[in-house]
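Heads up: the sequence shown begins at 185 in the numbering used here, then just goes up one per residue.
Virtual Cβ for every residue (Gly too), placed ideally from N, Cα, C.
Just so it is clear, the structure is predicted and the values come from calculations on it, not from any experiment.
Following: one structure in C-alpha cells, then a few remarks.
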Amino acid sequence: MDYQVLLKLTCGLGYELAVNGAETFRIEESISRILETYHVQGEAYAVPNMLIVSVIDQDGDPITKMQRIGSHGNDLDAVERFSGLSRRICQTHPEPREALAMLQAEKDNKKAYLLSVVLLSHFLAAAGFGLLFGSGWTDMLCAGVCGLVVGYVNQFMGQWKVNLFITTMDAAFLMAMLAYALKAMGIAQNPDSIIIGALMLLVPGLLFTNSMRDILYGDTNSGIIRLFQVMLIGLAISLGTAVAWNLSAHLWGAPPDLGPVKGPFLRTCLGAAVGCLGFCLLYNIHGPGGLLCILGGVLSWAVYLLGLKCGLGAVSAYFWASVFTAIYAESMARIRKYPAISYLVVSLFPLVPGSDVYYTMNYAVRGNTDMFARHGMFTAAVAGVIAVAVLLVSTMFRMHTVWHSQLKHKKTC
Numbered sequence: 185m186d187y188q189v190l191l192k193l194t195c196g197l198g199y200e201l202a203v204n205g206a207e208t209f210r211i212e213e214s215i216s217r218i219l220e221t222y223h224v225q226g227e228a229y230a231v232p233n234m235l236i237v238s239v240i241d242q243d244g245d246p247i248t249k250m251q252r253i254g255s256h257g258n259d260l261d262a263v264e265r266f267s268g269l270s271r272r273i274c275q276t277h278p279e280p281r282e283a284l285a286m287l288q289a290e291k292d293n294k295k296a297y298l299l300s301v302v303l304l305s306h307f308l309a310a311a312g313f314g315l316l317f318g319s320g321w322t323d324m325l326c327a328g329v330c331g332l333v334v335g336y337v338n339q340f341m342g343q344w345k346v347n348l349f350i351t352t353m354d355a356a357f358l359m360a361m362l363a364y365a366l367k368a369m370g371i372a373q374n375p376d377s378i379i380i381g382a383l384m385l386l387v388p389g390l391l392f393t394n395s396m397r398d399i400l401y402g403d404t405n406s407g408i409i410r411l412f413q414v415m416l417i418g419l420a421i422s423l424g425t426a427v428a429w430n431l432s433a434h435l436w437g438a439p440p441d442l443g444p445v446k447g448p449f450l451r452t453c454l455g456a457a458v459g460c461l462g463f464c465l466l467y468n469i470h471g472p473g474g475l476l477c478i479l480g481g482v483l484s485w486a487v488y489l490l491g492l493k494c495g496l497g498a499v500s501a502y503f504w505a506s507v508f509t510a511i512y513a514e515s516m517a518r519i520r521k522y523p524a525i526s527y528l529v530v531s532l533f534p535l536v537p538g539s540d541v542y543y544t545m546n547y548a549v550r551g552n553t554d555m556f557a558r559h560g561m562f563t564a565a566v567a568g569v570i571a572v573a574v575l576l577v578s579t580m581f582r583m584h585t586v587w588h589s590q591l592k593h594k595k596t597c
C-alpha cells in the first residue's frame, strides 16, 4: 500500500468537498469510508479552515497530512459529484493511484455556469424574493436590478480577494442606496420590499444550515465557527444598510416606514419559484435536481401559508413548514443518492425571515427600541425553530440509517 498516494487521495477529496460547501461530517465520513475500503486504520479531522488525515502504516507508525482550506464556495453540484466519487471508490475498490486519477478527472470536468448566468441568478433570486415579500411587478424588476448590483460587487471584490465582511457590507450599502434612489425618482413604490428581496442574496443560508448540521453530528467546533461567521455577515449587512438609510435620509429625506406587505397566494408562490430558481443557478445546481429544489421551495412556502390558514401562529407555521422541508430534502437525497444539503438549503430559503431581519436592523438604526426588540425576538424565534426542525428530522433519518445498517450487518453475520 502506497500510503502517500492514499493520503493525497483522501486529503484531495476532503479539500474539494470543503471548498465547495460540504458539511464537516460529510468530509470526515467520506474520508473514513475510503480508508475502510482500503483496510487502513486512520482518522480524519476537519474544521472550516483545515483538514488533517492520519493513517497507520504496516509498521504501526502514524503518517499525517494536513491541508489548509481557504475560502468556501456554494458549488452544490461539485459537492454532489465528489460525494458520488467517494461512493464509487467504496463500491468499486480501485487501486489508490487509479482512484487519484478519478479524483483528478472529476476536478477537470467540474461544471460551472457562465458569468452571464451567474448574474442572471442574482437578478432572478432578488426579483423572486422581492415578489414573495410584497413587491409589485415594477418593484420586482427593481429588486432584480438591485440583485445585479450585489452580483457585480461580489464578482469585483472576489477578483481583488477582498474579505467577505467588507464585500457583504459594500454590496448591502450600494444595493440599498439604489433602492432608495429609485424611490426618490418615483420609479419604485416600496423600497423596503426591494431591499429585502436583494438582501436574500447576502443571507448566508448554506453557512447557517451547515453550522446546524455540524452541531447535530457532534462537530461542535466547526458548527460554532460557522455560526460566528453567520453573525459577522449579519453585522456586515446591518452596517451596509444602516449607512445607506442615513445617507439617503440626508439626500432625499427619511424613507417612509411602509412596513411588511403580503401579496396574494399565487403571486408569492411564483416569487418563491423564481427566487429558488435564482439560487439553483447561484449554487451551480444542474439537471433535474434544480427542479426538485424549486418544487421544495414552493411547497415549503405553501405549507407555511396553509399553517397560517389553519390558525397556527407564525412561529408554529414556520416550524411545521421547516419539518416538511427537511423531510422532503432527506427523502429526495435518499431517492436520488445525492447529499440532502443540495435540496435543503434552497428549499428552506422561502422560510428565511428576510423581512424581519431587515426591519430589525431598520428599527435599530431609527432608534425605535420597542419595534427593534419585537422584530429581533421574532427573528431569533423563527431562526431557532427552523434549526430545531432541521435537527429533529435529520436526527430521525440518521437514526433510521444506523438502525438499517446494523440490521443489514446482523443478517450478513
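Reference residue 225, options 518, 208 and 243, closest by Cα: For this step, residue 225 is matched to residue 41 along the sequence shown. Closest by alpha carbon: 243.
Looking at the strands, I want to know which residues DSSP matches up with residue 251. Position 67 of the sequence shown, counted from the first residue, corresponds to residue 251. The partner list for residue 251 (beta bridge, DSSP) reads 235.
Since I believe residue 269 is in contact with residue 192 (beta carbons under 8 Å), could you give me their beta-carbon distance rounded to a whole number of angstroms? Taking the first residue of the sequence shown as position 1, residue 192 is located at position 8. Taking the first residue of the sequence shown as position 1, residue 269 is located at position 85. Not quite, the Cβ-Cβ distance comes to about 15 Å (not below 8 Å), so this is no contact.
Which residues bound the alpha helix (DSSP H) around residue 192? The count along the sequence shown starts at 1 and reaches residue 192 at position 8. Start and end: 187 to 203.
For residue 455 versus residue 374, is the C-beta spacing smaller than 8 Å? In the sequence shown, residue 455 corresponds to position 271, counting from 1. In the sequence shown, residue 374 corresponds to position 190, counting from 1. In this structure, residue 374 does not lie closer than 8 Å to residue 455 by Cβ.
Residue 589 classed as buried or exposed, judged by whether at least 16 other C-beta atoms fall within 10 angstroms: Counted from its first residue, the sequence shown places residue 589 at position 405. Around the Cβ of residue 589, a 10 Å sphere holds fewer than 16 other Cβ atoms; the residue is exposed.
Please confirm whether residue 478 has its beta-carbon closer than 8 Å to some beta-carbon of chain D. Absence of chain D from the displayed structure is noted, only one protein chain being present.
Classify residue 240 as helix, strand or coil using the three-state DSSP reduction. In the sequence shown, counting from the first residue as 1, residue 240 sits at position 56. Here residue 240 sits in strand by DSSP.
Unbroken alpha helix (DSSP H) runs of length 4 or more, entirely within the region 293 to 350: which are they? 299 to 316 and 321 to 343
So for residue 246, helix, strand or coil by DSSP? Along the sequence shown, read from residue 1 onward, the residue named residue 246 stands at position 62. Residue 246 falls in the strand class under three-state DSSP.
Minimum length 4: unbroken alpha helix (DSSP H) runs contained in the region 538 to 586: 538 to 550
Assess, as a yes-or-no matter, whether the region 491 to 505 is touched by the region 559 to 571 under the definition of 3 or more beta carbon pairs within less than 8 Å. yes
Thinking C-alpha only, which one of 584, 520, 190 and 537 is nearest residue 286? On the sequence shown, residue 286 is found 102 positions in, with the first residue counted as 1. Ranking 584, 520, 190 and 537 by Cα distance to residue 286 puts 190 first.
Any idea if residue 434 is buried or exposed, counting beta-carbon neighbours within 10 angstroms, 16 or more meaning buried? Locating residue 434 in the sequence shown gives position 250, counting from the first residue. Result: exposed.
State the CB to CB distance for the pair residue 253 and residue 202, rounded to an integer number of angstroms; the pair is presumed to be in contact (CB under 8 Å). Counting from 1 along the sequence shown, the entry for residue 253 is found at position 69. Counting from 1 along the sequence shown, the entry for residue 202 is found at position 18. About 5 Å; that satisfies the 8 Å criterion.
Bridge partners for residue 230 per DSSP, in chain order? On the sequence shown, position 46 is the one that residue 230 refers to. Note: residue 230 sits in a beta bridge opposite 235.
For residue 257 and residue 350, I'd like the C-alpha separation in whole angstroms. Against the sequence shown, residue 257 aligns to sequence position 73. Against the sequence shown, residue 350 aligns to sequence position 166. Their Cα atoms are separated by approximately 17 Å.
Own chain residues within Cβ distance below 7 Å of residue 288, not counting five before or after: Taking the sequence shown and counting its residues from 1, one reaches residue 288 at position 104. Cβ within range, chain order: n/a, list empty.
On a Cα-Cα basis, can you pick out the residue from 217, 484, 199 and 229 that is closest to residue 403? The sequence position of residue 403 within the sequence shown is 219, counting from 1. Out of 217, 484, 199 and 229, 229 has the C-alpha closest to the C-alpha of residue 403.
Looking at residue 534: is its Cβ nearer than 8 Å to the Cβ of residue 485? Position 350 of the sequence shown, counting from 1, holds the residue named residue 534. Position 301 of the sequence shown, counting from 1, holds the residue named residue 485. Yes, the Cβ-Cβ distance between residue 534 and residue 485 is below 8 Å.
Residue 519 classed as buried or exposed, judged by whether at least 16 other C-beta atoms fall within 10 angstroms: Stepping through the sequence shown from its first residue, residue 519 is reached at position 335. By the 10 Å Cβ count, residue 519 comes out exposed.
Identify which residue in 396, 219 and 323 has its Cα closest to the Cα of residue 572. One-based indexing of the sequence shown puts residue 572 at position 388. The candidate whose alpha carbon is nearest that of residue 572 is 396.
Tell me the DSSP secondary structure of residue 290 in three-state form. Position 106 of the sequence shown holds residue 290. Helix, per DSSP.
How is residue 496 classed by DSSP in three states: helix, strand or coil? Taking the first residue of the sequence shown as 1, we reach residue 496 at position 312. Here residue 496 sits in coil by DSSP.
Mind checking residue 259: buried by the 16 CB within 10 Å criterion, or exposed? Counting from one through the sequence shown, the residue named residue 259 turns up at place 75. With 16 or more other Cβ atoms within 10 Å, it is buried.
Roughly how many whole angstroms lie between the Cα atoms of residue 527 and residue 436? One-based indexing of the sequence shown puts residue 527 at position 343. One-based indexing of the sequence shown puts residue 436 at position 252. Distance between the alpha carbons of residue 527 and residue 436 is about 43 Å.
DSSP on residue 373, reduced to helix/strand/coil? Within the sequence shown, residue 373 is the residue found at index 189, counting from 1. Of the three classes helix, strand and coil, the one that applies to residue 373 here is coil, per DSSP.
To which residues of the same chain is residue 516 closer than 6 Å at the C-beta, ignoring the five residues directly before and after it? Residue mapping note: residue 516 aligns to position 332 of the sequence shown, counting from 1. Excluding sequence positions up to five before and after residue 516, its CB lies within less than 6 Å of the CB of 476 and 527, all in the same chain and listed in chain order.
Give the single residue among 429, 532 and 575 whose Cα lies nearest to the Cα of residue 478. Working through the sequence shown from its first residue, we reach residue 478 at position 294. Looking at the Cα atoms, 532 is the closest of the given residues.
Distance CB(residue 333)-CB(residue 362) smaller than 8 Å: Along the sequence shown, read from residue 1 onward, the residue named residue 333 stands at position 149. Along the sequence shown, read from residue 1 onward, the residue named residue 362 stands at position 178. Contact flag set, yes.
To the nearest angstrom, report how far apart residue 578 and residue 591 are at their CA atoms. Here residue 578 corresponds to residue number 394 of the sequence shown, with the count starting at 1. Here residue 591 corresponds to residue number 407 of the sequence shown, with the count starting at 1. Going by the C-alpha atoms only, they are around 20 Å apart.
Give the straight-line distance between the Cα atoms of residue 339 and residue 273, rounded to the nearest whole angstrom. Translated into the one-based positions of the sequence shown, residue 339 becomes position 155. Translated into the one-based positions of the sequence shown, residue 273 becomes position 89. About 35 Å.
State the Cα-Cα distance for the pair residue 365 and residue 330, rounded to the nearest angstrom. Start at 1 with the first residue of the sequence shown, and residue 365 comes out as number 181. Start at 1 with the first residue of the sequence shown, and residue 330 comes out as number 146. So the two alpha carbons sit approximately 11 Å from each other.
Which residue marks the beginning of the alpha helix (DSSP H) containing residue 261, and which one marks its end? If you number the sequence shown from 1, residue 261 lands on position 77. Segment 260 to 276, the alpha helix (DSSP H) holding residue 261.
Tell me which residue opens and which closes the alpha helix (DSSP H) that residue 415 is part of. Sequence index remark: in the sequence shown, residue 415 carries index 231 (1-based). Where residue 415 is concerned, the enclosing alpha helix (DSSP H) stretches over 404 to 436.
Contact check, residue 421 vs residue 386 under 8 Å by CB: the rounded distance? Counting from one through the sequence shown, the residue named residue 421 turns up at place 237. Counting from one through the sequence shown, the residue named residue 386 turns up at place 202. Contact holds; Cβ gap of about 5 Å.
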